[in-house]
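Chains as they are written, first to last, in the numbering used here: chain L, 1453 to 1568; chain F, 3 to 114. By construction, the Cβ of each residue, glycine as well, lies at the ideal position given by its N, Cα and C atoms. Below is one structure, written out as structure tokens; comments come after it.
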Amino acid sequence: GAVVSQHPSWVICKSGTSVKIECRSLDFQATTMFWYRQFPKQSLMLMATSNEGSKATYEQGVEKDKFLINHASLTLSTLTVTSAHPEDSSFYICSVPDTGGGDIQYFGAGTRLSVL
Amino acid sequence: QKEVEQDPGPLSVPEGAIVSLNCTYSNSAFQYFMWYRQYSRKGPELLMYTYSSGNKEDGRFTAQVDKSSKYISLFIRDSQPSDSATYLCAMKGGGSNYKLTFGKGTLLTVNP
Chain L
1453 GAVVSQHPSW VICKSGTSVK IECRSLDFQA TTMFWYRQFP KQSLMLMATS NEGSKATYEQ
1513 GVEKDKFLIN HASLTLSTLT VTSAHPEDSS FYICSVPDTG GGDIQYFGAG TRLSVL
Chain F
3 QKEVEQDPGP LSVPEGAIVS LNCTYSNSAF QYFMWYRQYS RKGPELLMYT YSSGNKEDGR
63 FTAQVDKSSK YISLFIRDSQ PSDSATYLCA MKGGGSNYKL TFGKGTLLTV NP
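In structure tokens form, the structure reads like this:
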């Protein structure tokens, strides 16, 4: 299976600052990656689909200007939380679909964001 | 009604017990069904993946899909303390739509 590397695993920042989270596909090239958010004791909610070479596709209700996604290469997607506020504190997880049709997604270890 | 319903538990069982985890869904377009295991503060790990109705077995784990009832299950035999985690069901439609819809997850604790 794919190996997905996500960095950092935990970040604490002050309110109003921006935080960048990286997601790397180590095993194969990925034209598509996904970003999820998970609140405590809640399920994963898809935020956006990251597309290499084009704009990300955001789910309804997700602010594209606040959550900037850049799919810089076939192995790297970044999520930047701009002007972070305490309500943005959450667990952010990226995933990479398999190359056999995308039915299976492989997840990174997640990034815990705490905004003070 | 949510697209995917999963009893969040928590579920606590003794070591060696058989565990049954379930999800129901309402969207008939779902064709692929997955179970993920998520340890605390980690990303989900794929456990089982099924397409059609019926059973699929992998070691101590058995996934069951009943499309007519829109009901899926995961059975864990001879449960171990290392099985303690949150179990998430996930589903997707066919074609090029990659979007996964997750259940809330069931927190399982296996006591030694």
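Query	Result
Neighbour flag for T1484 (chain L) against chain F, beta carbons, 9 Å	yes
Nearest residue (CA-CA) to S1495 (chain L), options L:Y1544, L:A1508, L:D1540, L:D1479	L:Y1544
Distance CB(T108 (chain F))-CB(Q33 (chain F)) smaller than 9 Å	no
Residue-chain proximity (K72 (chain F), chain L), Cβ-Cβ < 9 Å	no
Inter-stretch contact (C-beta, 8 Å, three-pair minimum) for the stretch 1500 to 1519 of chain L and the stretch 15 to 23 of chain F	no
Proximity test, W1487 (chain L) beta-carbon vs the ligand SAM heavy atom, cut-off 8 Å	Judged by which ligands are present, the structure shown has none, so any question about the ligand SAM falls away.
Beta bridge counterpart(s) of M1485 (chain L) as assigned by DSSP	L:S1502
Whether T103 (chain F) touches Y41 (chain F) by CB criterion (9 Å)	no
Local Cβ density within 10 Å of V110 (chain F), reported as buried at 16 or more and exposed below that	First, the residue type needs correcting, since residue 110 (chain F) is Leu and not Val in the sequence shown. Buried is the call here.
Element boundaries [beta strand (DSSP E), containing S1525 (chain L)]	1519 to 1525
Under the three-state DSSP convention, the category P83 (chain F) falls into	helix
Residues from the stretch 1465 to 1490 of chain L in contact with chain F, defined by Cβ distance under 8 Å	T1484, F1486
Nearest neighbour of L124 (chain F), chosen from F:S70, F:Q82, F:R62 [CA to CA]	This structure cannot settle anything about residue 124 (chain F), because the visible part of chain F is limited to 3 through 114.
Limits of the unbroken beta strand (DSSP E) element including Q8 (chain F)	6 to 8
CA nearest to the CA of S1529 (chain L), picked from L:A1536, L:D1479, L:C1546, L:Y1510	L:C1546
Selection from F:S84, F:Q82, F:S54 that minimises the alpha carbon distance to Y73 (chain F)	F:S54
Under 8 Å by beta carbon: chain L residues contacting K94 (chain F)	D1555
Min CB distance K1507 (chain L) to chain F below 9 Å	no
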